[in-house]
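Read through the structure below, which is laid out as structure tokens, and then see the notes.
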Amino acid sequence: MEALEKGSVYTADIDGYSSEGLGIARVNGAVVFVPHAVRGEEIDLRITKVMKTSCAGEIVKIHNPSPERMEPECPYAGKCGGCAYRHLTYPEELWAKRQRVQDALTRIGGLELTVEEILGAKNPEHYRNKSQYPVGADGSIGFFQARTHKVVPIRRCLIQTEAAGRTAQAVGEWMRRYKISAYDETTGKGLVRHVCVRVNRKGESLCCVVVNGNKVPREPELAAYVTAAVPHTVGVLLNSNTRRGNVVLGDKYRTLFGRNYLMDTLCGLEFKLSMPSFYQVNRDQAEVLYGKALEFAGLTGNETVLDLYCGIGTITLCLAKAAKRVIGAEIVPPAIRDAKENALRNHVENAEFFCGDAADIAAKLESDGLRPDVVTVDPPRKGLAPEVIASVAAMGPEKVVYVSCDPATLGRDVKIFREFGYEAKRAAAVDMFPGTAHVETVVLLSRETNPLTVEVRMEVETGEVKEHPTYKRIQEYVQEKYGFKVHTAYIVEVKRMVGLDMHKAPNAVEQKKHEYHPCPPEKVEAIKDALRHFGLISE
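Under this note's numbering, the first residue of the sequence shown carries the number 607, and numbering increases by one thereafter.
Put into structure tokens, the structure is as follows:
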């Protein structure tokens, strides 16, 4: 196989797309990623970078342009890093996203499961109800160029609302008029870092200016500029973030005008949104996504449902309409406060909420003996930690509905669930972010085996009946005898260590992409003692 050389030009066909929306070509057995290429095209490409396992290239000439290629309507296409698919027709974009999910489930998840459909957006423009504009050191307001922290000045973005764009421009005018400095991330000096805007269904907006400090000059004028540009602004906030790094929001807020929250409606329910609260950025498609999740859950009104990563309670309260009892868990305190208020506001009496890490809450509920019929999860991009999956499986729900914003981590996690006895039965994709390479997925997992509940086996030789303890009973034994707690994942680890049949239960240590600490020696011995106590291993 001839190695590719930087600067050399080759002719190749584009046969698909990468997870970032780049065209994929194969030259002399090597994979080449080509920006702005379209499936089915024959192109001349120049190698721009040679890496260990692949190459990067650029288009020199297109021999046969695809009918799915279109001229981008956005003047910033190819300049900012926001949209990867502006050069594709929308049907081709949907094909690329559905195929991305299919590839992840097949290649990473090892599943023989077809993605049923991808649900496209009726309105693929101006759909984002939350916008975050970085401010460059020179005062430019816009979005980062791809793979850099260079801000591309943008006046009108096709996926942001017009109100958000006018708000960002008003902040820029205020900065120029009163010579307010912009933050320089290389020196850590300067004031204004980001402009964040939320917009609700009625067109009302909430503006938050993130600054490197606790105050800025001319604060009343800032509020005046914003409200003059966008009269339906309900609040202007100042957020203090003095930390170096990429985190947008700090922990301290101050209200300069109006109120510090926004009201919005979703799935017929009313929600209170504070600035840091998680809320799906595409309201219309969120209703499609949640509708698909409810369909997969198949609730009859008699179920107990646990919703992990519940945010402000959007999915939880939608589930509450069709379930007997719902429990939401989220690590962000303001979001949980909003979730509780949202339950009261919508007169939902069968929902309760807990604040804490998903792994800790799942383990606590599992140890308390909670046995939900359905568990829903909507984790961040990094997916689920192994201990969360172990705790969910230990509860033994009939169904797990997994809502994912990253097909790769979804594929990894459904593979782990399968080892716990949960098989993926259905999958559907939802285009929440038209124009970009991101895609949401809903997967239904059903319990095929339940190795973590009490089993009874007959010993052929003696006729003796032996009880196989639940994880909870093992945990209780260790707690009572040794005075400390052991996590479900640790029990899994030790069972494998001693050679017990785990009914396909996974070894959490093998999941390299999560930070996982092996079971401490003292807990290994305590768990072995419990296994001996219950007759699972010999002395």
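The beta carbon of each residue, even a glycine, is placed where N, CA and C say it ideally should be.
Nearest-angstrom Cβ-Cβ length linking residue i and residue j, presumed shorter than 8 Å
i	j	result
V640	L651	5 Å
T982	V911	7 Å
T695	E674	5 Å
A984	I921	First, the residue type needs correcting, since residue 984 is Asp and not Ala in the sequence shown. 6 Å between Cβ atoms; contact.
L711	A1033	6 Å
Y739	H800	6 Å
Q751	G687	6 Å
L914	A964	5 Å
A928	V1007	12 Å between Cβ atoms; not a contact.
N888	Y733	5 Å
A788	G742	6 Å
K703	V1130	At roughly 45 Å, the Cβ-Cβ gap does not stay under 8 Å, so K703 and V1130 are not in contact.
E679	L764	7 Å
Residue range of the alpha helix (DSSP H) that includes residue i
i	result
V832	825–835
K1005	No alpha helix (DSSP H) holds K1005; the beta strand (DSSP E) holding it covers 1005–1010.
A973	In the sequence as displayed, the identity of residue 973 is Ser instead of Ala. Its alpha helix (DSSP H) spans residues 964–973.
First and last residue of the uninterrupted beta strand (DSSP E) at residue i
i	result
S880	875–880
V633	629–633
V638	636–640
F863	858–864
V815	811–817
E1029	1028–1036
K736	736–740
H1044	Run containing H1044: none; DSSP gives neither H nor E here.
K667	661–668
H800	798–805
Y867	867–872
I649	648–656
E1099	Here E1099 belongs to no beta strand (DSSP E); instead the alpha helix (DSSP H) covers 1094–1103.
Contacts around residue i, its chain only, beta-carbon distance under 6 Å, and the 5 residues preceding and following it disregarded
i	result
E648	D619, H669, N670
K685	V758
V1066	Any reading at V1066 must be qualified, since the residue scores a pLDDT of 36, below 50, and its modelled position is unreliable; the value itself is stated next. The answer is none, since no qualifying residue turns up.
A776	Y831, V832, A835
Y885	L879
Of the listed residues the options, nearest to residue i (C-alpha basis)
i	options	result
I760	T754, E1082, A774	A774
N988	I967, S973, C1011	Checking the displayed sequence, the identity of residue 988 turns out to be Lys instead of Asn. Per the Cα distances, C1011.
E718	G742, V1020, V1100, V954	V1020
L872	V1098, T861, V894, V721	V894
A941	M1103, F960, W701	F960
N952	F877, M676, V817, M1103	F877
V656	P678, E677, V633, M676	V633
A1030	D1037, S1052, P1013, R706	S1052
K930	E958, K946, N948, L914	E958
A1095	Q1085, K612, C1125	C1125
E936	N956, E947, I967	I967
W701	H693, S737, I724	I724
M1103	V1084, Y1083, R1024, L1142	L1142
S737	N806, E677, K946	N806
K728	E677, V666, P697	P697
M881	V816, K1091, K612	V816
R713	A1136, A949, P1013	P1013
K808	A769, K785, L797, E791	A769
N735	G934, L879, H755, S1144	L879
N948	G874, V1009, G897, D890	G874
H755	C763, E722, E791, R772	E791
G629	Y682, E679, H693	H693
V666	I933, A643, R860, V932	A643
Contact test: residue i Cβ vs the ligand MG heavy atom, cutoff 7 Å
i	result
A929	Judged by which ligands are present, the structure shown has none, so any question about the ligand MG falls away.
Same chain, Cβ closer than 8 Å to residue i, five either side skipped, listed in chain order
i	result
S883	G917, I918, V938, P940, A941, D944
L610	Y616, V633, N634, A636, V638, I653, V656, C661
I1097	Y1077, I1080, Q1081, I1133
E699	Y691, D1037, P1040, G1041
K1005	F902, A903, G904, D979, V980, V981, L1050, L1051, S1052, R1053
R849	G856
R977	T910, M1001, G1002, P1003
S572	There is no way to answer for residue 572, as the model of the chain reaches only from 607 to 1145.
Sequence-distant residues of its chain with Cβ nearer than 7 Å to residue i (five each side left out)
i	result
L862	E825, L828, A829, V842, L843, L844
H1120	Caution applies to H1120, whose pLDDT of 42 falls short of 50 and renders its modelled position unreliable; the value that the coordinates give is listed next. Excluding residues within five positions, the ones whose Cβ falls inside 7 Å are A991, P992.
V954	L923, A926
K1118	No answer about K1118 holds up, because its pLDDT of 36 lies below 50 and its placement is not dependable.
E810	H838, V840, L868
K1091	Q1081, Q1085
A1114	Interpretation of A1114 is limited by its pLDDT of 37, a score under 50 that renders its predicted location unreliable; no figure is taken from the coordinates.
E626	A690, A1043
H1093	A969, E993
TODO: May I ask you to verify whether the region 812–832 touches the region 746–755, counting CB pairs closer than 8 Å and requiring at least 3?
DONE: A contact between stretches requires three or more CB pairs, one per stretch, nearer than 8 Å, and the region 812–832 fails this requirement with the region 746–755.
Open item on the list: Counting beta carbon pairs with one atom in the region 838–853 and one in the region 897–907, are three or more of them shorter than 8 Å?
Closed with: With a cut-off of 8 Å, the region 838–853 and the region 897–907 do not count as touching, because too few Cβ pairs lie within range.
Task: the region 991–1001 in contact with the region 963–980 per 3-pair CB rule at 8 Å - done: yes
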